[in-house]
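Residue numbers (numbering that gives the first Met the number 0): 0 to 275.
Built from N, CA and C at the ideal position, the CB exists for glycine as well.
Please read all numbers here as calculations on a predicted model, not as lab measurements.
Written below as structure tokens is the structure these notes are about.
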Amino acid sequence: MKTFITILMCLAASFGGFAAQIDFAVNPQKYNAIDTPSVSDLPAPVEIREDTFIELSDVRIHYQVFGEGEKPLILVHGNGGSVNSLKEAASYLGSRFTVYLPESRCHGQSGDPGVITYELMAKDIAEFIEALGLEKPTVIGHSDGAINALTLAAKYPDLPGAVIACGANSRPETFKPYFPFGVAVANIFRPDKLNDLMLTLPQFDGEYLSSITCPAYIVCGEHDIMWLTDTVYIHECVKGSDMAVIKGADHSSYMSHDGRQTYSLAKDWLEKKDLW
0 MKTFITILMC LAASFGGFAA QIDFAVNPQK YNAIDTPSVS DLPAPVEIRE DTFIELSDVR
60 IHYQVFGEGE KPLILVHGNG GSVNSLKEAA SYLGSRFTVY LPESRCHGQS GDPGVITYEL
120 MAKDIAEFIE ALGLEKPTVI GHSDGAINAL TLAAKYPDLP GAVIACGANS RPETFKPYFP
180 FGVAVANIFR PDKLNDLMLT LPQFDGEYLS SITCPAYIVC GEHDIMWLTD TVYIHECVKG
240 SDMAVIKGAD HSSYMSHDGR QTYSLAKDWL EKKDLW
């Protein structure tokens, strides 16, 4: 019965998602469609300034630091990622900020304490911010990193100064590859920690997302692996947030695949918010 209900939920999400994609093609400005972020007139990228570890309450986190700007900024990679995922973005953003690039628990060189959830990864970021004494950092997350950023902002509203969530989803059935194959994988095989994270979480409701109070930018690609309807849902639940759909982009083309675009995307929005 549980599998049947899950399949129905996936079908409903798919039908709604297809309808939104058609609507986007007809009326892109309804979704605040923007062009591919510019890669011209960029600053010179900076080199890694520090490559080290920090001991948190229950996990050792590996991280790198770029730049020496007055304002702090944290980049949070996605599921299966590492410092290499957003290193190019960090090198450009480091020309303006002090950029911190941590690896999530169970990823890269960070420790594996045996359990991973979005709540735990958000707790890790919160402890990271407090341990390093970072004041109101801008937090930019990609994919699962975007979910971590939103979770941080919801559970620890006094810590982030702003959040840019790129390619987040609020529930698993809005992840396009989940149906139909994800359901089969989740129910036939025993998934590892990262697969389980992808196939069964998150489970955000409107009340949870509405607790986010910092400035927030909810972003996705036109051809993202998350349904557009979920990006709209997150945007509508996070009060006062801004939303953008990048025309022609996929899930990673403007993030881990091209850090120059990440820089321009962040700069354009942060300038409007007087946070640059």
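Residue i in three-state terms, based on DSSP
i	result
R259	helix
E134	coil
G220	strand
A43	coil
V182	Annotation note: pLDDT 47 at V182 (below 50); position unreliable, coordinate value reported separately. Three-state result, V182: helix.
K271	helix
H106	coil
D195	helix
T230	helix
P201	coil
G144	helix
V38	coil
I115	coil
K154	helix
K266	helix
L149	helix
N26	coil
V237	coil
For residue i, the residue or residues it bridges with in DSSP
i	result
Q20	Bridge partners of Q20: none, in fact.
D288	Because the chain in this structure spans residues 0 to 275, residue 288 falls outside the shown range and cannot be described.
I139	L74 and I163
I33	I245
A121	Answer by DSSP bridge pairing: none, since A121 is not bridged.
A215	V162
C-beta neighbour in chain C for residue i, strict 8 angstroms
i	result
D267	Here there is only one protein chain, and chain C is not present.
Whole-angstrom C-beta distance between residue j and residue i, which should lie under 8 angstroms
i	j	result
S169	D229	6 angstroms
S263	P36	4 angstroms
L100	F65	7 angstroms
P44	Y91	5 angstroms
T212	P156	5 angstroms
L72	P159	About 10 angstroms separates the two Cβ atoms, so there is no contact after all.
I277	W268	Coverage of the chain is limited to positions 0 through 275, which leaves residue 277 absent and any answer about it impossible.
Enclosing beta strand (DSSP E) for residue i [first to last residue]
i	result
I163	A161 to C165
A97	Note that residue 97 is Thr in the sequence shown here, rather than Ala. Run containing T97: T97 to P101, per the beta strand (DSSP E) assignment.
A243	D241 to I245
L62	The residue asked about is misnamed: residue 62 is Tyr in this sequence, not Leu. Per DSSP, Y62 belongs to the beta strand (DSSP E) from R59 to F65.
V75	P71 to V75
Buried or exposed by the 16-neighbour rule on C-beta atoms within 10 Å, applied to residue i
i	result
R95	buried
P214	buried
A152	buried
G113	exposed
P42	exposed
G205	exposed
A24	exposed
K29	exposed
S109	buried
V182	Unreliable positioning characterises V182 in this predicted model, as indicated by a pLDDT of 47, which lies under 50. The coordinate reading is nonetheless provided below. V182 comes out buried.
N147	buried
T51	exposed
R104	buried
L132	In the sequence as displayed, the identity of residue 132 is Gly instead of Leu. G132 should be labelled exposed.
Q202	exposed
E102	buried
S84	buried
V75	buried
D123	buried
I21	exposed
Limits of the unbroken alpha helix (DSSP H) element including residue i
i	result
Y91	K86 to L92
H250	H250 -> no alpha helix (DSSP H), and no H or E assigned at all.
G205	G205 to L208
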